[in-house]
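J.: If you read the sequence shown in my numbering, its first letter stands for residue 18, the second for the next number, and so on.
C-beta atoms are modelled at their ideal positions from N, C-alpha and C, and glycine is treated no differently.
Here the structure is a predicted model, which is why all the values come from computation and not from measurement.
Please read through the structure below; I'll follow up with questions.
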Amino acid sequence: MINEDAINDILRSQDNDDPEIDGSKRSFLWMGVGAIGAVYVGAIGYPVYKYLATPAERAASETAVNSATLDGADKLPVNSALMFKFGTKPAMLIRSADGNFVALNAVCTHLGCTVKYNPETVRIECACHGGVYDAKTGSNISGPPPKPLTKFNVEVQDGRVLVTRA
Ligand code: FES
């Protein structure tokens, strides 16, 4: 059987009134709060920073990539397209019926939807609002897109298609 003095001793040892130990508990608690706060600031602040980045900063990060190499793309069937990433943006390599290649940015100039090549109409179409582009030049033909798609340079070398910024 446990006597009352032993229980009081245990309770007294847990209820420490030493100000030095209390201070270290407090500072440990504040370090934890600070660490959690830093995680929250990072989790919220980074997306906000990316959203608020100036157009010049965004353009700089997008123009950092100047080429893409597409292995085996020289075998792309005629009247078809291959989607690929040019840096962080979608792009497309189109092989026309005459066997020539055209590479274009695949981001619609209206509101930024990804466009697709339609082999039946031999045009590039945007499903979002019906924008239509010429598959050889990237020119905007109809619908809301205000500008043509950006065209890239294309070179075929040793079974690869090299796409570079014009
Ligand atoms: S985003 Fe392509 S037509 Fe509107």
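Tell me whether E100 is buried or exposed, calling it buried when 16 or more other Cβ atoms sit within 10 Å of its Cβ.
T.: First, the residue type needs correcting, since residue 100 is Met and not Glu in the sequence shown. Exposed, because fewer than 16 other Cβ atoms sit within 10 Å of the Cβ of M100.
J.: Per DSSP, T131 forms a beta bridge with which residues?
T.: V124
J.: Nearest to N96 by CA position, among V58, G40, R112, is which residue?
T.: Here the closest residue by C-alpha is R112.
J.: State yes or no: is the C-beta of G155 nearer than 6 Å to some heavy atom of ligand 1?
T.: no
J.: Compute the distance between the beta-carbons of A108 and A98, then report whether it is under 7 Å.
T.: no
J.: State the DSSP-derived secondary structure class of A81, mapped to helix, strand or coil.
T.: coil
J.: I'd like to check one pair, K164 with T105: are the Cβ atoms closer than 7 Å?
T.: no
J.: Excluding the 5 residues flanking E172 on each side, which residues of the same chain have their C-beta closer than 6 Å to its C-beta?
T.: L179
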